[in-house]
Amino acid sequence: MNKSTMKYIGKRLLISAITLVIIVAVLFLMLKLMPGTPFNDEKLTEAQKLAIYAKYGLDQPFFVQFFNYMKNMLTGDFGVSFGIVRNMQVSDLVGPRILISFGIGIAAVILGTVIGVLLGIYAALHKNTLADTLATIFSVLGVSVPSFVLGLLLLLLLGVTIPVFPILYESSHPLRSSVLPVIALSFGVIANVARFTRSEMISVLASDYIALAEAKGLDRTTIIRKHAFRNTLIPVITILGPILVNLMTGSMVLEQIFSIPGLGRLLVEGITVNDYNVVLAVSFLYSVLYVVMMLIIDISYGIIDPRIRLGKGD
Amino acid sequence: MADRERILKIRDLNISFTTDHGKINAIRGVNLDLYKGETIAIVGESGSGKSVTTKAVMGILASNGTIDSGVIEYSWNDENTGEHKTVDIAQLSEKDLQKEIRGRKIAMVFQDPMTSLNPTMTIGKQVMEPMIYHYGKSKEEAYKKTLELLELVGITDAEKRMKNYPHQLSGGMRQRVVIAIALSCDPYVLICDEPTTALDVTIQAKILELIQDIQKKKNLSVIYITHDLGVVAKVADYVNVMYAGKIVETGLIDEVYYDPRHPYTWGLLSAMPDLDTDDDELYTIPGTPPNLAYRVDGDAFAPRNQFALNIDLRVEPPMFDVPGSSTHKVASWLMHPNAPDVKMPEALKNRIEKMKKEGE
Ligand SMILES: Nc1ncnc2c1ncn2[C@@H]1O[C@H](COP(=O)(O)OP(=O)(O)OP(=O)(O)O)[C@@H](O)[C@H]1O
Ligand SMILES: [Mg+2]
């Protein structure tokens, strides 16, 4: 890796860090503006409430609270839960769920991308045939049907009618329990990736350098493998970012449906009971995931595409 | 030119394309000959069928195109036995075309060097690829030969350039790389489809010189496609003027330039920009080429031809020999012994006189 690449990565890291701080600040502010507090118990007197606020530092001015939160966060302390499991460390609450949620998400991305790319390439190579039309219909369905609808269908089919997979998440069988949610989530990924790959591949195949490869006397398979494939896949990397956002929102609903003890479900619960610290921590985690993924996508794009890697007009 | 060796013989080639708007008869009875070490040019307006003709020669017609009839005979002496062989490219299977013809016997230089190289593959790999693929050369051999080739096409610092990607090279440099790729498998025929149109004027001449230079060194036969008649005069031995999928005039450069007979050639020559004439007054041939989705009756150029005879609208003219020449042929009824004596426009005549003087 050369110097300018290092510099570029350094710059990107800095921007990412600043982005995250801003995100936390905005989240913090929004939570404070939300109606209600974590301590809405009817039986509590005003005096008791004030005492509780003082205990958790909620009586301090906004900026002090924010500053303290940021300071603790940097040492890995995300505070305690106010509502879901009162006084439990948020990091203990969140920690075990990261693996479950991210595991399902990453599995869906990988599965969806691989199948999507293969499907897209197949459709492009069989342009305007029945197979291509079917693939297109599938893509349109995949993009327009929300993952939770598909999740429910799968549940009905493979959980109830033919009970192959558990209806609700069983912590004793994490793999078996993840199959249906992963499929439901990956459907949209497949559809998006396939559609994009197809159109990329078609335009690559129509390009002059493919004609030149043909004029060299290479066979079709070699042309596709050596010349078309890489040039098709590079742009596909760019759509993984938006796809990821889709996945995050999709997974929140799916975790409810399948009762998966993941981050999405925790976030929804946290919001219902005004558990500030939990909501903050989970949202922050999602933001970190997103920012890091975008960073990886950007950097890998730069590494794979020589035109970006070496800088224009080099 | 005692025993010229014919390498390519095209006879009565007809090619059509199936489209949503029906069948397009893009090539209508083309005849062409190419001899070893010689250069022919195909000139004509856009859409006249220049590219389609040469694509057929390489067997890389678009998937909706078919050769309806005609032969494209390619002849060569077998490297091992020395035996003289001939194949009809129009009859070869895709597999034979790919394995035997493309790249190895006939290679192509494309028009736009900015888009004809793979953006994500190094220059070196792109030049090495065909020789490794076709001749099973080792990496080291291929590397060595690529270095030689890059130097041959005038790329300095070849070793460093081999590691470069196309975007790091200028347009002229890229076209040199494309030429090196074309030469990589030692072909006998080089097809250059407008090899300089996309380049700067200053670089155009250099690339043309380079191609001529290599042609001499390697005794290549070259087909030039262009609509720039100025280019043709510099590089070609023979010119074929193409109109609406037919060759309407063919001959030695001097014959076609100094003694043009077809009114379409008159038009092309009159429309040729030169340094002395005012560009604002540049002549353009009136009208547009016919739509080849419909049947063409008579001479396809007749509707645009101010000298058209009655018969031009009804009967297609055959190829007439120009008296006194064995090479100069013209498809126009004006060549018929009974035709009225139509002379080329005065302005063009003056122009040709001037060209002649400059040429001497
Ligand atoms: N794939 C195709 N489908 C339908 N028609 C085609 C196809 N390829 C070429 N043609 C038609 O064949 C005719 C000749 O095209 P060709 O590309 O040979 O022209 P050209 O003489 O090379 O023109 P230019 O100078 O613009 O390159 C045109 O009328 C064009 O519309
Ligand atoms: Mg062309």
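Residue numbers (our numbering), protein chains in the order written: chain A, 1 to 314; chain B, 1001 to 1360.
Cβ coordinates follow ideal geometry from the N, Cα and C atoms, glycine included.
| Item | Value |
| --- | --- |
| Contact test: A/D219 Cβ vs ligand 2 heavy atom, cutoff 7 Å | no |
| Limits of the beta strand (DSSP E) - the one that B/E1148 falls within | First-last for B/E1148: K1139 to L1152, but that is the alpha helix (DSSP H), not the beta strand (DSSP E). |
| Proximity winner among B/Y1188, B/L1183 and B/I1155, relative to B/K1206 (alpha-carbon distances) | B/I1155 |
| Cβ-heavy atom distance, B/T1019 to ligand 1, below 7 Å | yes |
| Rounded straight-line distance, which links the Cα of A/L99 to that of A/L31 | 26 Å |
| Element boundaries [beta strand (DSSP E), containing B/L1034] | G1022 to Y1035 |
| Rounded straight-line distance, which links the Cα of B/S1016 to that of B/G1029 | 11 Å |
| Cut-off 7 Å between Cβ atoms - residues of its own chain near B/F1307, not counting five sequence neighbours on either side | P1263, L1334 and V1342 |
| Cross-strand partners of B/E1249 (DSSP beta bridge) | B/V1241 and B/V1330 |
| 7 Å CB neighbourhood of B/T1146 in its chain, flanking five on each side removed | G1124, V1127, M1128 and M1162 |
| Buried/exposed call for A/P261, threshold 16 Cβ in 10 Å | exposed |
| Rounded separation between B/P1113 and A/V90 - CA only | 60 Å |
| Rounded straight-line distance, which links the Cα of B/G1267 to that of B/K1356 | 18 Å |
| is_contact[A/S4, chain B] using C-beta, thresh 8 Å | no |
| Alpha-carbon to alpha-carbon, A/A25 and A/R195 | 37 Å |
| Coarse secondary structure for A/G79, derived from DSSP in three states | coil |
| Cβ contact (3+ pairs, closer than 8 Å) linking the stretch 1178–1189 of chain B and the stretch 1087–1106 of chain B | yes |
| Distance cut-off 7 Å: A/H126 Cβ against heavy atoms of ligand 1 | no |
| Any chain E beta carbon closer than 8 Å to B/K1218 | The chain labelled as chain E is not found among the protein chains of the depicted structure, namely A and B. |
| Partner residues on chain A for B/G1124, Cβ-Cβ distance less than 9 Å | Here the premise fails: no neighbours, minimum Cβ distance about 13 Å. |
| Closer than 7 Å: A/D208 CB and nearest ligand 2 heavy atom | no |
| Chain B contact for A/T129 (CB, 8 Å cutoff) | no |
| Range covered by the beta strand (DSSP E) that runs through B/I1015 | R1006 to T1019 |
| Extent of the continuous alpha helix (DSSP H) run through A/T5 | K3 to L33 |
| Distance between A/D77 and A/V179 (C-alpha atoms, nearest Å) | 34 Å |
| Nearest-angstrom beta carbon gap, B/P1273 and B/G1287 [assumed within contact, 8 Å] | Not quite, the Cβ-Cβ distance comes to about 20 Å (not below 8 Å), so this is no contact. |
| Contacts that A/L267 makes with chain B (C-beta to C-beta distance below 9 Å) | Under the 9 Å cutoff, chain B gives no residues; its nearest Cβ is about 41 Å from A/L267. |
| Limits of the unbroken alpha helix (DSSP H) element including B/E952 | The question about residue 952 of chain B has no answer, for chain B in this structure spans 1001 to 1360. |
| Distance cut-off 7 Å: B/G1047 Cβ against heavy atoms of ligand 1 | yes |
| Boundaries of the beta strand (DSSP E) in which B/T1039 is found, first to last residue | T1039 to V1043 |
| Candidates A/D275, A/I297, A/I308 and A/L13, of which the one nearest A/P242 by Cα | A/I297 |
| Where the stretch 1110–1124 of chain B meets chain A: residues whose CB sits under 7 Å from a CB there | F1110, D1112, T1115, S1116, L1117, N1118, P1119 and T1120 |
| Neighbour flag for B/I1015 against chain A, beta carbons, 8 Å | no |
| Neighbourhood of A/D314 by C-beta, 8 Å cutoff - its chain only, sequence neighbours within 5 removed | Here A/D314 scores only 38 on pLDDT, less than 50, and its place in the model should not be relied on; the value that follows carries that caveat. Cβ neighbours of A/D314 beyond the five flanking positions: none. |
| The stretch 139–154 of chain A / the stretch 180–194 of chain A touching (three or more Cβ pairs under 8 Å) | yes |
| First and last residue of the uninterrupted beta strand (DSSP E) at B/Y1133 | That residue, B/Y1133, is in no beta strand (DSSP E); its alpha helix (DSSP H) goes I1123 to Y1135. |
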